[in-house]
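The structure under discussion appears below in the form of C-alpha cells.
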Amino acid sequence: MAIVAYEEVTPSPPPPQSQLPPAAELEQNEPDLKRLRLSPTPPNPEIATRNRRLIYLQTHDEYFTNTEHAFSLPTLYNQLVGRFMSGRDMREHAADPASQTKFSEILARDLERGEDRMESLRRRQKVEDEEEDEDEMEEVEDDEGNIVMKSKRETSNTDLDGEDAEDGPIDAENLDADILIRADSNGEFMNVEDREEAWEIWKDILSRRFIRGDDEDFEYDSVDRPGGAGDPNHLIEAEIERDGWEEYFDGEEADVYTERDGMKYLGGKVVEGETGIQDF
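365 is the number of the first residue of the sequence shown in our numbering; add one for each residue after it.
And the structure:
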C-alpha cells in the first residue's frame, strides 16, 4: 500500500482591513456606530441653573443697585459703597421706595439673621470642643478661688454670649480667597480708596452670592424656571437689541455727516479736514 505524505496546512492570515467586504466592515464597526447614535448627555442641572443666574446678572444691571443689599450685607455695603456716596447719592438712596422699610421690619430681619449666625457659631464651637484633646486642659482659678480644669481654647476665646462679644453688624458672607486677599489684615475693605475698584469688589461679592443662591431676598424661581428671566433667549434678545441701537446710531451719523475729497461736511459746511482740526 502506498504511503501518502500529509503536509500541515497553515491557516492563511486574515485579509487586510482594506480588503474586508463592506458587510464585515460594518459589523466590525457596529459598536462605534451605536455609540454615535446615542443622544447627547443632558446638561448638569446645577450648571444649567448657575448659567441662568449668570445670564440674569448680565441682562439686569439694576440688581447691583438694589437698596435691599444695604440691609442684607450692611458692613460690606458701608465699606465698599456707603463711604463713597455723595450727599446726592444718599438722598436718592433714602428716596428709593425699597429703602423706606419700617424700622421694625429691618430690626426683625437683622435679629433673625443674627440669631442664625450665633447658632452656627455655637454649633461650630461645640464641634471644636468635642474634638479637643484632654492634654489641652489647664488649671485655672474661678471667681470663688477654686481651681478648675478648663481648655486653653475656652480661656483664650471670648464667650459668644458674654459682654465682650463683638458689637455692630456682622455679615454672614463667606468670601472667597481671591476677594479676601484684597482686604486688609482685619478682613475689611477700608484700605480700598478707589471708588470704582470698591464697586467692582461689591459687584463680585453680590454676583457670587446670587449665583450660589444665597440671596434670601430674591425669588429665584423667576430666574431658574424655563422661560424665566435667566432663559438663554433673553441674552440673545439683549444682544440683538444692542446691535440694533448700534446700527441706529451708525445710521444717524451717516445721515448727518458727509465726506467728500477727504473733508467731512455738516449741512454743507466743512466740519473736519484731513488734519483733524475743526474749521468752524
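A virtual CB, placed ideally from N, CA and C, is assigned to each residue, including glycine.
- Task: Can you tell me which of Ser436, Thr413 and Leu444 puts its alpha carbon nearest to the alpha carbon of lysine 567?
- Result: Leu444
- Task: Select from Glu426, Gly577 and Asp625 the residue whose C-alpha is nearest the C-alpha of isoleucine 411.
- Result: Gly577
- Indicate the three-state DSSP secondary structure (helix, strand or coil) for aspartate 625 in the structure shown. coil
- Alpha-carbon spacing of threonine 439 relative to glycine 592, whole angstroms: 32 angstroms
- Message: On the criterion of 16 or more Cβ atoms from any shown chain inside 10 Å, does alanine 388 qualify as buried, or is it exposed?
- Response: Unreliable placement is indicated for alanine 388, whose pLDDT of 47 sits below 50; the coordinate value is still reported in the next sentence. Classification of alanine 388: exposed, given that the 10 Å Cβ count is below 16.
- Task: Return yes when the Cβ of aspartate 581 is within less than 8 angstroms of the Cβ of glutamate 432, no when it is not.
- Result: In this structure, glutamate 432 sits near aspartate 581, with a CB-CB distance shorter than 8 angstroms.
- Query: leucine 570 to glutamate 479, Cα distance in whole Å?
  - Reply: Their Cα atoms are separated by approximately 22 angstroms.
- If you check the beta carbons only, do isoleucine 565 and phenylalanine 553 fall under 8 angstroms apart? yes
- Span of the alpha helix (DSSP H) holding threonine 413? That run of the alpha helix (DSSP H) goes 409 to 423.
- Alpha-carbon spacing of alanine 541 relative to glycine 551, whole angstroms: 11 angstroms
- Roughly how many angstroms lie between the CA atoms of aspartate 493 and tyrosine 420, to the nearest whole one? For aspartate 493 and tyrosine 420, the distance between alpha carbons rounds to 43 angstroms.
- Message: Along the chain, where does the alpha helix (DSSP H) containing phenylalanine 574 start, and where does it finish?
- Response: 559 to 576
- Message: Counting C-beta neighbours from all protein chains within 10 Å, is the total for arginine 416 16 or more, i.e. buried, or is it exposed?
- Response: Buried, since its Cβ has 16 or more Cβ neighbours within 10 Å.
- Message: Going by beta-carbon coordinates alone, are phenylalanine 448 and arginine 589 separated by less than 8 angstroms?
- Response: no
- Where do the ends of the alpha helix (DSSP H) carrying phenylalanine 448 lie? Where phenylalanine 448 is concerned, there is no enclosing alpha helix (DSSP H), given that its DSSP letter is neither H nor E.
- With 16 other CB atoms within 10 Å as the buried threshold, where does glycine 594 fall? Buried, by the Cβ-count rule.
- Message: Going by beta-carbon coordinates alone, are tyrosine 441 and alanine 434 separated by less than 8 angstroms?
- Response: yes
- In three-state terms, what does DSSP make of asparagine 555? coil
- Query: Taking the alpha-carbon positions, what's the serine 549 to serine 436 distance?
  - Reply: 24 angstroms
- Message: What does the alpha-carbon distance come out to for the pair aspartate 507 and histidine 424?
- Response: 59 angstroms
- Query: Under a three-way DSSP split, which group does glutamate 492 fall into?
  - Reply: helix
- With burial defined as no fewer than 16 other Cβ atoms inside 10 Å of the residue's Cβ, what is the status of aspartate 579: buried or exposed? buried
- Message: Does tyrosine 584 come out as helix, strand or coil in the three-state DSSP assignment?
- Response: coil
- Query: Under a Cβ-count criterion, where at least 16 other Cβ atoms within 10 Å of its own Cβ denotes burial, should aspartate 625 be classed as buried or exposed?
  - Reply: Aspartate 625 comes out exposed.
- alpha helix (DSSP H) containing aspartate 542: first to last residue? 541 to 544
- Starting from glutamate 432, trace the alpha helix (DSSP H) both ways and give me its first and last residue. 432 to 436
- Task: Could you check the C-alpha separation between aspartate 645 and valine 556 for me, to the nearest Å?
- Result: This structure cannot settle anything about residue 645, because the visible part of the chain is limited to 365 through 644.
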